[in-house]
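Shown next, in structure tokens, is the structure this report addresses.
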Amino acid sequence: MLELTVTPDLSDSETYERKSAVGIDSDTGDAVVTMVGKAERKMKPDLAGLRRGLREWFARERRELPWRATTDPYAIWISEIMLQQTRVAAVIERYEGFLRRFPTVESLAAAGEAEVLAEWSGLGYYRRARMLHGAARMVCAERGGRVPDGFAALVELPGVGRYTAAAIASIAFGEPVAAVDGNVERVVLRLMGWGSEDAATHRAHLRQAVEMADELLDRAAPGDWNQAMMELGATVCLPRGPRCEVCPWLADCATRGEHPAVKRAAMRTVEMARAWMTRGSRRGEEVMLVERGAAETVMPGMWELPEAPTQQDGEPLLRVRHAIMQVNYRVAVYATDRAPASGCASRWVTLDEAERLPLTGLTRKVMRGMGWLASEKPQAGRSVSRIQAQ
DNA sequence: TAGCCGTGGCT
DNA sequence: TAGCCAAGGCT
């Protein structure tokens, strides 16, 4: 495989050329030339101009988000953990409820893990909640309940990596450190024309992007700047269909959104079935749930509907689509009288109890679809199809 | 370092 | 319908 790559180098030159890669297709043997960037960058970007443009854009377009209305480092920390790999809209639904339940780092540290997981249920990546809980206990035990006020100490907390430490340090404490998340990476890669389908080249570009983000950082207002960069990526410089026509950096952008990227692994589809067992009791209608083992790699200790045979007579009560990582599950939910397989902890729970348990997302989705979980709106999405009423 | 860890809305 | 992928971190 022959590959030539011409990569702009910030330190050596004021001039950028269009990047191109020449290679041999491993299947066909044909020569392949990849051109990157609609427009050639002739000059090093005007950093002061870029800063001014983004500042003005952010002052105009900044969204009102719940965590932008506080200066409490604990609340900002919670928001940043929730926002890891999670959409803003999903976090908005949970952020204030979580803070009502655990308003201070002390209250979070004092809670049991199951309580924290129950409040986190549906947000996904449950290890975040466990690490946040552990970090809160560390902060209380070792720092008198005072949230670390700088990048170096923040990044030592479980669940707080470079991005999150930089975000908290800059937003809550005004420390001039660039917070480089997926949005900022994409914005900088496109701005500079650093795109590649090759994984190694991509990694090199990411390292350059971090340096560039640091160079761009508005040190007079790092918290606002970091949020502005992320906001641009989240609302304008979208992964697909970027809205270049409203971008403050349009004139300076090397690619205008034409951005080759490393391809992801394909998803696979798996059929699965769950049992819906209910009974009436003095306490009201109850449903059977089982607890996942503590040794499970995925969602240990969380509660879900019992498994059921995928091949059954009759129509399921409900069909649900639920993707977990690279697997697309097609789930049929059957009414049944049969007890779940022995060996796992099972329980009849009322609606009220279910809402306080750490339920898996799939189980929440099914219970919503069945009209349970009164605290939530009935599922209206297309991922659930009601076959017949219970 | 690459694989793993969840979920839901959009297209 | 089903793929895409998000304010990442850990091992």
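When you number the first sequence by the working numbering, it's gap-free, plus one each residue, and the end is 403.
C-beta atoms are modelled at their ideal positions from N, C-alpha and C, and glycine is treated no differently.
If you keep only unbroken beta strand (DSSP E) runs of at least 3 residues inside the segment 270-306, you get 281-289, 291-294 and 297-304. In the structure shown, the three-state DSSP call for L386 is coil. With a beta-carbon spacing of about 12 Å, P189 and L229 fall beyond the 8 Å limit used to define contacts.
One Cα belongs to T177, the other to P322, and the distance between them is close to 43 Å.
For R143, the enclosing alpha helix (DSSP H) has its first and last residue at Y139 to R156. In the pairwise beta carbon analysis, the segment 122-134 is classified as touching the segment 362-371: at least three pairs are separated by under 8 Å.
Residue pairing from DSSP leaves H215 without any beta-bridge partner.
Here A191 carries a coil assignment [DSSP, helix/strand/coil]. In the three-state reduction of the DSSP assignment, E128 falls in the helix class. Classified as buried, S183 has 16 or more neighbouring CB atoms from the shown chains inside 10 Å of its CB. One thing to note: F71 has its Cβ within 8 Å of the Cβ of E244. Between E299 and V362, the C-beta spacing is below 8 Å. In this structure, the beta-carbon distance from V118 to A82 does not fall below 8 Å. In the DSSP assignment, Y87 is bridged to no other residue. DSSP places R100 in the coil class of the three-state scheme, outside both helix and strand. Excluding residues up to 5 positions away in sequence, A52, R203, L204, C257 and C260 lie with their Cβ nearer than 8 Å to the Cβ of C266 in the same chain.
Between Y347 and W289, the C-beta gap is smaller than 8 Å, which places the two residues in contact. Residue pairing by DSSP puts E317 in a beta bridge opposite V303.
A residue is called buried once 16 or more other Cβ atoms fall within 10 Å of its Cβ, and D326, having fewer, is exposed. Judged by DSSP secondary structure, V173 falls outside any alpha helix (DSSP H); it is assigned neither H nor E. Taking R64 as the centre and dropping the five residues before and after it, the same chain places the C-beta of D231 closer than 6 Å to its C-beta, in chain order.
Under DSSP, T349 takes part in no beta bridge, so it has no partner.
The beta carbons of E304 and A358 sit about 4 Å from each other, so the pair counts as a contact at 8 Å.
Each of Y138, W262, Q339 and E169 was checked against the Cα of E155, and the nearest Cα belongs to E169. In the three-state scheme derived from DSSP, where H, G and I count as helix and E and B as strand, R75 is classed as coil. As the crow flies, the alpha-carbon of T214 is around 9 Å from that of W207. By the beta-carbon neighbour count (other beta carbons within 10 angstroms, threshold 16), E198 is buried.
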